[in-house]
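For reference, the structure discussed in these notes is given below.
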Amino acid sequence: MAMKCLKYGYRVVELPAHEYRRKGGISKINVMRVAHIYVWNLLCGLLGLRRVKAETSSTPAAPLDGAPMLASEKPLLRAAVARVCPVCGTSAKQSPVVFHGNLQLSRCTGCDLVYQARRPTAVEMATTYGSDYYNYWGLEKDFEVLWNMKVKTCNAYVDLLRRHLQGAVSSFKMLDIGCAHGFMLEAARQSGFHAVGIEISPAAAVARERGFTVYDWPLQELCLPAEEFDAVTIVDVIEHIPDPEPFMKEVYRILKPQGAVLIVTPDVESKTAQMMKARWPHYKLEHVVYFSERSLSLLLRKTGFS
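Next comes the structure, spelled out in structure tokens:
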């Protein structure tokens, strides 16, 4: 059977180095530092799958660390910008870096957050989050293969949550923000959790077909009850949130005092990001903020976790 294999994979390389406690309780935040490695070649070799060449852009990419650029890259730079950092509030006046001709990034001098100096327009985002957004692995014709792979990964996340929660598993309520097709919801159901999701893309239809409750409104517009959930999972989502502080404040509000939240996001300070620089595959239009452990820890402290 011929099918495309993923180009990039995720591997958890460091489990929580810090513990955050919800004021008035003992909520623990497990900040996953995620390294992104090339695994498509290895997987294809092991599984006998057809290899897929990595896509590249014809537009030169500028280095994030200020290294010398090619003469052809210099016209891509824009004027220095001043935008308040969405985490610490610092106004960072820096020359933005343009990736592939349209992505301008600034690094905050206060907390090291990397963020888009120019926010994508509504038209750009609508184009990015099209009907094919979740088909990036090319497995739409072999969906059960993708389903089993993703659920297996999510099982590890749910097991991690179980170790930090107290009480009977059957009573646990979990919210998965950005649940896509429902991979995390299925893993939670297999472990005995009562799980619901949030997904505003058409992928939510798949999760509903499998019997899950999925809200199609953004978190802050749902007005969910306070202290409603034992666990909240935010996997590959927070980098898509332009204003993460009010978002995490709402997560804090709906989380029970002894609840846990699991955050998985690309680490802009990872060895892979530092090695690949501007060609790091997670520099893309839909990722509007890029966290390091320092900037994510600061965000959590500012939004009620201590």
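So the numbering used here is basically just the index in the sequence shown, starting at one, shifted up by 27.
For each residue, glycine too, the CB sits at the ideal point set by N, CA and C.
From what residue to what residue does the beta strand (DSSP E) around Gln131 run?
Taking the first residue of the sequence shown as 1, we reach residue 131 at position 104. Taken as a continuous stretch (DSSP letters only), the beta strand (DSSP E) holding Gln131 covers Leu130 to Arg134.
Between the segment 173-189 and the segment 254-267, do three or more beta carbon pairs fall short of 8 Å?
yes
Residues near Glu296 in its chain [Cβ-Cβ closer than 6 Å; skip 5 each side]
Mapped onto the sequence shown, residue 296 falls at position 269. Closer than 6 Å at the Cβ level, and outside the excluded window around Glu296, lie Ser319.
In the structure shown, what three-state DSSP assignment does Ile281 receive?
Numbered from its first residue, the sequence shown carries residue 281 at position 254. Note: Ile281 maps to helix in three-state DSSP.
DSSP on Val178, reduced to helix/strand/coil?
To locate residue 178, count along the sequence shown from 1; it is residue 151. DSSP places Val178 in helix when its eight states are reduced to three.
For the alpha helix (DSSP H) containing Gln193, list its first residue and its last residue.
Counting from one through the sequence shown, the residue named residue 193 turns up at place 166. Careful: Gln193 lies outside any alpha helix (DSSP H) and carries neither H nor E.
Apart from the five residues just before and just after Tyr184, which ones in its own chain have a Cβ nearer than 8 Å to its Cβ?
For the purposes of this step, residue 184 is taken as residue 157 along the sequence shown, with counting starting at 1. So the qualifying residues of the chain are Met211, Ala214, Thr260, Val262, Leu289 and Val291.
Neighbour-count burial assignment, Trp244, 16 or more Cβ in a 10 Å radius
The count along the sequence shown starts at 1 and reaches residue 244 at position 217. Trp244 comes out exposed.
Lys283 and Glu248 closer than 8 Å at C-beta
For this step, residue 283 is matched to residue 256 along the sequence shown. For this step, residue 248 is matched to residue 221 along the sequence shown. Going by C-beta atoms, Lys283 is not nearer than 8 Å to Glu248.
What are the partner residues of Gly224, as DSSP defines its beta bridges?
Here residue 224 corresponds to residue number 197 of the sequence shown, with the count starting at 1. Looking at the DSSP assignment, Gly224 forms a beta bridge with Asp203 and Val241.
Which same chain residues, not among the five before or five after Lys200, have their C-beta less than 7 Å away from its C-beta?
Residue 200 sits at position 173 when you count from the first residue of the sequence shown. These residues qualify, in order along the chain: His221, Glu255, Phe256 and Asp257.
Under a three-way DSSP split, which group does Arg145 fall into?
Here the question's residue 145 lines up with position 118 in the sequence shown. Arg145: coil per DSSP, three-state reduction.
What did DSSP end up calling Ala287 once you bin it into helix, strand or coil?
As a working note, residue 287 is residue 260 in the sequence shown. Of the three classes helix, strand and coil, the one that applies to Ala287 here is strand, per DSSP.
Nearest candidate by alpha-carbon position, reference Ser197, set Ser218, Arg280 and Tyr279:
Your numbering for residue 197 matches position 170 in the sequence shown. Of the candidates Ser218, Arg280 and Tyr279, the one whose C-alpha sits nearest the C-alpha of Ser197 is Ser218.
Checking the sheet assignment: what are the DSSP bridge partners for Val259?
Residue 259 sits at position 232 when you count from the first residue of the sequence shown. Leu202 and Val288.
Quick check: the Cα distance between Gly75 and Cys115, rounded to an integer number of angstroms?
Walking along the sequence shown from the start, residue 75 turns up at place 48. Walking along the sequence shown from the start, residue 115 turns up at place 88. Low local confidence applies: a pLDDT of 44 at Gly75 is under 50, so the model's placement there is unreliable, with the coordinate-based value given in what follows. One C-alpha to the other measures close to 48 Å.
When DSSP builds the beta bridges, which residues end up paired with Phe318?
Sequence index remark: in the sequence shown, residue 318 carries index 291 (1-based). Answer is Asp294, bridged to Phe318.
Within 10 angstroms of its Cβ, does Gly224 collect 16 or more other Cβ (buried), or is it exposed?
Numbered from 1 along the sequence shown, position 197 holds the residue referred to as residue 224. Flag for Gly224 reads buried.
Is Tyr310 helix, strand or coil by DSSP?
The residue given as residue 310 occupies position 283 in the sequence shown. Reduced to three states, the DSSP call for Tyr310 is coil.
Compute the beta-carbon to beta-carbon distance between Tyr142 and Cys112, rounded to the nearest angstrom, for a pair I have assumed lies under 8 Å.
Reading the sequence shown from its first residue, position 115 is the one you call residue 142. Reading the sequence shown from its first residue, position 85 is the one you call residue 112. Confirmed, Cβ separation roughly 7 Å.
Rounded straight-line distance, which links the Cα of Ser322 to that of Lys329
By 1-based counting over the sequence shown, the position of residue 329 is 302. By 1-based counting over the sequence shown, the position of residue 322 is 295. Lys329 and Ser322: Cα-Cα distance of roughly 11 Å.
Rounded separation between Pro273 and Leu246 - CA only
By one-based count along the sequence shown, residue 273 stands at place 246. By one-based count along the sequence shown, residue 246 stands at place 219. If you take the alpha carbons of Pro273 and Leu246, they lie about 10 Å apart.
Using the rule of at least 16 other Cβ atoms within 10 Å of the residue's Cβ for burial, across every protein chain shown, is Glu236 buried or exposed?
Residue numbering aside, residue 236 sits at position 209 when the sequence shown is read from its first letter. Classification for Glu236: exposed.
Closest residue to Gly205 among Lys177, Lys298 and Tyr242 (Cα-Cα distance)
Residue 205 sits at position 178 when you count from the first residue of the sequence shown. Out of Lys177, Lys298 and Tyr242, Tyr242 has the C-alpha closest to the C-alpha of Gly205.
Cβ-based neighbour list, Ser118, same chain, cut-off 8 Å, excluding 5 preceding and 5 following:
Walking along the sequence shown from the start, residue 118 turns up at place 91. So the qualifying residues of the chain are Ala109, Arg110, Val111 and Cys112.
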